[in-house]
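Asks: Below is one structure. I have some questions about it.
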Amino acid sequence: ARFVHSKGLTDSREIPVGTASGNIRLYLEQGDQVRVNMGRPYFEPAEIPFDAPLRETLYAIDVDGTTVEIGAVSMGNPHAVLLVDDVHHAPVHVLGPAIEQHVRFPRRTNVGFMAVHDRDVVDLRVYERGAGETLACGTGACAAVVSGRLRGLLDEHVEVRLPGGSLVVSWAGDDQPVWMTGPATSVFEGTLDLSELAPR
């Protein structure tokens with residue numbers, strides 16, 4: 259959104275974008291901030307998908323003989339959210355891949371490790387499905403806030419501090435959409451000669 263606006267390809271501050279998870283709308287705010295309607299979260303096990311007979315706020319899963327409590331949410335892609343005391347000492351590289359590939363997640367899952375500092379501030383590290391730990395994950399931030407709100411730990415507007423920077427996530431609850439606001443910063447610009455990619 260920031261790129262097409264800065265290049266003069268549109269003068270609109272509301273930009274629709276098609277993604278693999280569906281269409282979303284981005285809103286250019288002041289400075290480098292972009293607000294995104296991330297859609298509504300899904301909780302029914304079949305919608306996530308997650309193998310469970312009933313919808314619950316927390317699920318106990320067995321990971322290598324240890325019981326781990328997770329929240330399970332879909333933001334168009336599956337997320338497992340764990341509460342930890344300190345994200346810097348969380349077993350991201352041990353539990354991340356074990357939960358990502360857990361048998362109860364038939365399509366694998368993203369795994370969020372969330373430490374709650376206050377009702378409006380959390381730290382988060384995300385082990386992404388198929389990618390490993392990443393510096394930031396928008397859907398992971400949204401899933402963490404939704405899971406925290408369902409547990410009664412968080413308010414409607416929450417600052418999510420990730421290794422790559424902070425986002426603000428807002429969710430009013432129920433079937434309402436999740437809103438995410440954060441900076442969009444240009445890190446690289448280049449040109450590509452498409453004729454070089456053509457088969458010869």
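Per this note's numbering, residue 259 is the first one in the sequence shown, and the count goes up by one each step.
We treat Cβ as the ideally placed atom computed from N, Cα and C, and that holds for glycine.
Here the structure is a predicted model, which means the values were calculated and not measured.
1) So what's V445 in DSSP terms, helix, strand or just coil?
2) Between E302 and the rest of its own chain, which residues show a CB-CB distance below 7 Å, the 5 nearest in sequence each way excluded?
3) Closest to R362 by CA distance: which of V321, S444, G422, S428 is it?
4) Where does A318 sit, in a helix, a strand or coil, going by DSSP?
5) Count the other C-beta atoms from every protein chain shown that fall within 10 angstroms of the C-beta of F371, then say buried if there are 16 or more, exposed otherwise.
6) Hey, out of G329, S428, H415, whose CA is closest to N295's CA?
7) Around the C-beta of T268, are 16 or more other C-beta atoms found within 10 angstroms, so that it is buried, or is it exposed?
8) Under the rule that 16 or more other beta-carbon atoms within 10 Å means buried, what is F308, buried or exposed?
9) So who's on the other strand from Q291, going by DSSP bridges?
10) Using only the alpha-carbon positions, how far apart do K265 and I319 sit?
11) Name the residue from E305, H351, P364 whose alpha carbon lies nearest to the alpha carbon of G334.
12) Could you work out which residue in H375, G329, D381, G448 is closest to N368 when comparing CA atoms only?
13) Taking the alpha-carbon positions, what's the H337 to E391 distance?
14) Nearest to D473 by alpha carbon, out of T439, L382, A401, R298?
15) Is the segment 398-408 touching the segment 422-441, taking contact as three or more C-beta pairs under 8 Å?
Replies: If we stick to the structure as given:
1) Stepping through the sequence shown from its first residue, residue 445 is reached at position 187. In the displayed model, V445 falls within coil according to three-state DSSP, outside both helix and strand.
2) Taking the sequence shown and counting its residues from 1, one reaches residue 302 at position 44. Excluding positions up to five away in sequence, the list reads R313.
3) Taking the sequence shown and counting its residues from 1, one reaches residue 362 at position 104. Here the closest residue by C-alpha is V321.
4) By 1-based counting over the sequence shown, the position of residue 318 is 60. The three-state reading of DSSP puts A318 in strand, counting E and B together.
5) Walking along the sequence shown from the start, residue 371 turns up at place 113. Using a 10 angstroms sphere on the CB of F371, the tally of other CB atoms reaches 16 or more, which defines it as buried.
6) Within the sequence shown, the letter at position 37 stands for residue 295. Closest option to N295, Cα to Cα, is S428.
7) Numbered from 1 along the sequence shown, position 10 holds the residue referred to as residue 268. With fewer than 16 Cβ atoms within 10 Å of its Cβ, T268 is classed as exposed.
8) For the purposes of this step, residue 308 is identified with residue 50 of the sequence shown, where counting begins at 1. F308 comes out buried.
9) For this step, residue 291 is matched to residue 33 along the sequence shown. According to DSSP, Q291 shares a beta bridge with P441.
10) Looking up residue 265 in the sequence shown gives position 7. Looking up residue 319 in the sequence shown gives position 61. If I take the Cα positions, the gap works out to 48 Å.
11) Within the sequence shown, the letter at position 76 stands for residue 334. Minimum Cα-Cα distance from G334 among the listed residues E305, H351, P364 corresponds to E305.
12) Residue mapping note: residue 368 aligns to position 110 of the sequence shown, counting from 1. Comparing Cα-Cα distances from N368 to each of H375, G329, D381, G448, the minimum goes to G329.
13) Counted from its first residue, the sequence shown places residue 337 at position 79. Counted from its first residue, the sequence shown places residue 391 at position 133. A straight-line Cα-Cα distance of about 14 Å links H337 and E391.
14) The question about residue 473 has no answer here: the residues shown for the chain are numbered 259 through 458.
15) Judged by Cβ distances under 8 Å, the segment 398-408 makes contact with the segment 422-441, as three or more pairs qualify.
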